[in-house]
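*Asks:* This note's numbering numbers the first residue of the sequence shown as 435 and each following residue consecutively.
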Amino acid sequence: MFRSILLAAALVATPPLARTDAAHPTVVELYQSQGCSSCPPAITNLNALADRPDLLTLTFAVTYWDQLGWKDTFASAAQTTRQWDYARGFHHDQVWTPQVIVDGRTDVVGVRPGQIEAALKTVQPRTGPDLTLAAGKVAIGAGAAPAGGADVWLVRYDPRTIAVAIRAGENTGRTIGHRNVVRQLVKLGKWNGTPATLGIPAAAPGLSTAVLVQTSGGPILAAVRG
Numbered sequence: 435m436f437r438s439i440l441l442a443a444a445l446v447a448t449p450p451l452a453r454t455d456a457a458h459p460t461v462v463e464l465y466q467s468q469g470c471s472s473c474p475p476a477i478t479n480l481n482a483l484a485d486r487p488d489l490l491t492l493t494f495a496v497t498y499w500d501q502l503g504w505k506d507t508f509a510s511a512a513q514t515t516r517q518w519d520y521a522r523g524f525h526h527d528q529v530w531t532p533q534v535i536v537d538g539r540t541d542v543v544g545v546r547p548g549q550i551e552a553a554l555k556t557v558q559p560r561t562g563p564d565l566t567l568a569a570g571k572v573a574i575g576a577g578a579a580p581a582g583g584a585d586v587w588l589v590r591y592d593p594r595t596i597a598v599a600i601r602a603g604e605n606t607g608r609t610i611g612h613r614n615v616v617r618q619l620v621k622l623g624k625w626n627g628t629p630a631t632l633g634i635p636a637a638a639p640g641l642s643t644a645v646l647v648q649t650s651g652g653p654i655l656a657a658v659r660g
């Protein structure tokens, strides 16, 4: 009987595993720049994964290549800041491209598809809250939050293939086709373990929506896409 009591207590204390499915996918982020000669193969690798229903691939464009002859047409300081947050979380001394990050837990060189596939095989079930996205709101369930809480991010991205002709810099003369380009990155608030509902502004025409619950510069605890 004592063993049964302990088992029951353990089950109560263990948070339910968050779903990983088409609506709650594994998040694969690529940090790249159109001015980086090593990035086109990584962009091709990410594009090849974009149609997998169990994945949400996101293309983040960073700014620190902009001064080398070509200003990336999608880059923003917020996306560079996000990569620096990861650098601190992974204990890296520097940021670099092309970098692929899987669920905020593992990072690999984006030009090597075998490394990306290996990282995807290490994905573990999430232990974060349930997420529901509907009617201009995201509902976040209860769960065990990390110390200091977790950030709630709104990600707006363009699901089309966008071809960009590069006219200067290391990729002069190339046309690069980007998919799932992040166009807006907004911190909606914090999640501290209690249920919460947050409003989401209307998306610009043509953009898709995802919401991430994530430790700062670390693991994605839950994700949902509309």
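We put the CB at the ideal spot given by N, CA and C, even for glycine.
#1: Hey, would you say N614 sits closer than 8 Å to P593, going by beta carbons?
#2: Only counting the same chain, and skipping five residues up and downstream in sequence, which positions put a Cβ closer than 7 Å to that of P487?
#3: Please find out if some non-hydrogen atom of the ligand PLP comes closer than 7 Å to the beta-carbon of H526.
#4: Are the segment 581–591 and the segment 633–648 in contact at 8 Å, needing three or more beta carbon pairs?
#5: Please state whether the Cβ-Cβ distance between I550 and V534 is less than 8 Å.
#6: Could you check if S471 is buried or exposed, using at least 16 other CB atoms within 10 Å of its CB as the buried criterion?
#7: Taking 8 Å as the threshold, find out whether the segment 462–480 comes into contact with the segment 567–583 through three or more Cβ pairs.
#8: For N605 and G469, what's the separation of their Cα atoms in angstroms?
#9: If we call anything under 8 Å between Cβ atoms a contact, is A553 one with V543?
#10: Could you tell me the alpha carbon to alpha carbon distance between R608 and A597, rounded to whole angstroms?
#11: Per DSSP, what are the beta-bridge partners of L489 in this structure?
#12: Roughly how many angstroms separate the alpha carbons of K505 and T497, rounded to a whole number?
#13: Could you work out which residue in S510, H526 and D537 is closest to P653 when comparing CA atoms only?
#14: For a test of the three-state rule: what should DSSP assign to T643, helix, strand or coil?
#15: Let's test the definition: count the other Cβ atoms within 10 Å of the Cβ of L502 and tell me whether it reaches 16, buried, or not, exposed.
#16: So for Y520, helix, strand or coil by DSSP?
#17: Output needed for L445: all residues of its chain with C-beta closer than 6 Å, excluding positions within five of it in sequence on either side, in chain order.
*Replies:* This is what the structure gives:
#1: Here residue 614 refers to the residue found at position 180 when the sequence shown is read from its first residue. Here residue 593 refers to the residue found at position 159 when the sequence shown is read from its first residue. In this structure, P593 lies closer than 8 Å to N614 by Cβ.
#2: Position 53 of the sequence shown, counting from 1, holds the residue named residue 487. Contacts found: A456.
#3: Of the ligands one can find in the structure shown there are none, so the ligand PLP has no counterpart to examine.
#4: yes
#5: Mapped onto the sequence shown, residue 550 falls at position 116. Mapped onto the sequence shown, residue 534 falls at position 100. A contact, by the Cβ cut-off of 8 Å.
#6: Indexing the sequence shown from 1 puts residue 471 at position 37. So S471 counts as exposed.
#7: no
#8: On the sequence shown, residue 605 is found 171 positions in, with the first residue counted as 1. On the sequence shown, residue 469 is found 35 positions in, with the first residue counted as 1. When rounded, the distance between both Cα atoms is 6 Å.
#9: In the sequence shown, counting from the first residue as 1, residue 553 sits at position 119. In the sequence shown, counting from the first residue as 1, residue 543 sits at position 109. Taking 8 Å as the Cβ cut-off, A553 and V543 do not qualify as a contacting pair.
#10: Numbered from its first residue, the sequence shown carries residue 608 at position 174. Numbered from its first residue, the sequence shown carries residue 597 at position 163. Cα to Cα, the separation comes out at about 10 Å.
#11: Numbered from 1 along the sequence shown, position 55 holds the residue referred to as residue 489. Its beta-bridge partners are T460.
#12: Taking the sequence shown and counting its residues from 1, the one referred to as residue 505 is at position 71. Taking the sequence shown and counting its residues from 1, the one referred to as residue 497 is at position 63. Going by the C-alpha atoms only, they are around 8 Å apart.
#13: Position 219 of the sequence shown, counted from the start, is the residue given in the question as residue 653. Nearest option by C-alpha distance: D537.
#14: Start at 1 with the first residue of the sequence shown, and residue 643 comes out as number 209. DSSP places T643 in strand when its eight states are reduced to three.
#15: Numbered from its first residue, the sequence shown carries residue 502 at position 68. So L502 ends up on the exposed side.
#16: Position 86 of the sequence shown, counted from the first residue, corresponds to residue 520. Three-state result, Y520: helix.
#17: For the purposes of this step, residue 445 is taken as residue 11 along the sequence shown, with counting starting at 1. Low confidence applies here, because L445 scores a pLDDT of 31, under 50, leaving its location unreliable and the question unanswered by this model.
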